[in-house]
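Since the structure comes first, as structure tokens, the remarks are kept for the end.
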Amino acid sequence: MNRWAFRFILWYICVLLVQPQNRFTFLWPLRIANLSFIIGTGLHFFSCLEGRRPLVRLGPGTILAFLLMFFAFLSLHLGAYQTSSAWNIWIDIIMKNSLLLIMVEALAFSVERVWAVQMTMLICTLWWVKGGLRLSAMGATYSGDRLMGAAVSMIENPNGFAYMMCVFLPLYLYAYQRATRKWIKWFFLACALANVYIIFQTGSRTGLLTLIIMGVFLVPYYGKNHFRALAVIAVALFFIFPLTGKKNIERFRTIPQSIASFLGMADEDEEEDKGLNQDEQSAADRSLKNKDTWGLIKENLIFGIGVNPDESQIPEEFEHAGGQVHCEILAAGRQMGLIGMGLHVSFISLIFIGGGWVRRNAAHWPAVRDMGWTFQMQAVAFAVAGSFSPGPWNSVMMIFAGSVSGLIRALKEEQAAKLERWAGI
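Residue numbers (this note's numbering): 1 to 425.
In structure tokens, the structure reads:
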């Protein structure tokens, strides 16, 4: 029964990432995602009763998820501009993704099951790669040469597509490292290169910046352990980058000026003289939003302004804090004050620090050790790309947090069992 519970949660992850109901609309009334999660949770409940096991595993991921649910509920009722405590889209996202993390940690109680979660996500995102390459070949672009995302909620625009491609790039490299057959190894390396090509085609400056920062970590690691793969990647990138649309290349060249505008370092008089292009104006607008949102957070430090506030009540002095804020940590702070910001940093820190713990404690097990490295690179992607994204508490981050937490517990239990065997207990 426990095995079937785990299978239904894996199926829920498949539906979450692929969302077949968007293509096959007859599936909408069936609520296949909710049904999968409910069945999986129910089977887990009865399995625990039968085996007299605890319903949840109180690892760091689950504890953070419970804290997030608690403070989100408080903010729903105590937020400064939260005029209605009715159920809404944001509290729904927070609760569902927190429960998903709890279930992943509860059911992925072995190294093999954590691996199964990662491979399920890998297989599902092959559809994203296929969709990105197909859309690119068809010229399905937006605002110039920018590649639109496939019809999935997390990647339905160029920036979101680039964000998720950066997050899953380390997983494709992990599959390349650990594959035992050459054709499988080179297939996943080709998928990783396709990911990079898709990021270039989205024209997302966030995606390119994330790739550069990830490269700072990846190049020394691959230069030491996988030099041949690094050489292939370098040669491939030399030919791939020129295939990027001209408008996207021009857009990438504006990164330094956009960063200066985003940080408020540009000369305002000079900007007024020469005017701002669309990209520079976007960076300037985001800078104003970030500044006003931070000011609003400082005015409401404890519970923020609410999970889903009435924006008409935002003071005029923070007029740019309304709507979407393209920075996950500020969006979390807007919802739940410093508590929300702390929780958001904690989830990313869990993935990074937990991945480092796995690397150190699984040095004897290369497949698991490399998984720890993969988690660390994904944490870097969440930290960098998330700084320019409007959606905190996304389901992918929560799944990885639950996986890391479950893997740490599994390794600790294995170490304890080994010590008992050595002691002859």
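Quick reminder that beta carbons are idealized off the backbone N, C-alpha and C, glycines included.
A Cβ-Cβ separation of about 6 Å places residue 5 in contact with residue 107 under the 8 Å criterion.
In this structure residue 326 is not in contact with residue 291, their Cβ atoms being roughly 13 Å apart against a cut-off of 8 Å. In the DSSP assignment, residue 206 falls within the alpha helix (DSSP H) that extends over 205-225. For the set 336, 404, 380 and 400, the Cα lying nearest the Cα of residue 77 is the one of 336. Distance between residue 247 and residue 90, taken at the CA atoms: about 35 Å. Rounded to whole angstroms, residue 16 and residue 97 show a C-alpha spacing of 11 Å.
Between residue 310 and residue 177, the gap from beta carbon to beta carbon reaches 8 Å or more. With contacts defined by Cβ atoms closer than 8 Å, residue 377 and residue 170 form a contacting pair. In the structure shown, residue 369 adopts helical secondary structure according to DSSP, grouped into three states.
Straight through space, the alpha carbons of residue 236 and residue 201 are spaced by roughly 15 Å. Under a 10 Å Cβ-count criterion, residue 312 is classified as exposed, with fewer than 16 other Cβ atoms of the shown protein chains found around its own Cβ. Within the model, the alpha-carbon separation for residue 186 versus residue 230 is close to 13 Å. A distance below 8 Å separates the beta carbons of residue 117 and residue 403. According to DSSP, residue 147 shares a beta bridge with 141. In this structure, the CA atom of residue 189 is about 7 Å from the CA atom of residue 172. With contacts defined as CB atoms closer than 8 Å, residue 199 and residue 207 qualify as a contacting pair.
About 4 Å separates the beta carbons of residue 405 and residue 59, which is inside the 8 Å limit, making them a contact pair. When DSSP assignments are scanned along the stretch 390-418, no uninterrupted stretch of beta strand (DSSP E) that is 3 or more residues long falls wholly within it. Look at residue 176 here: in three-state DSSP terms it is helix.
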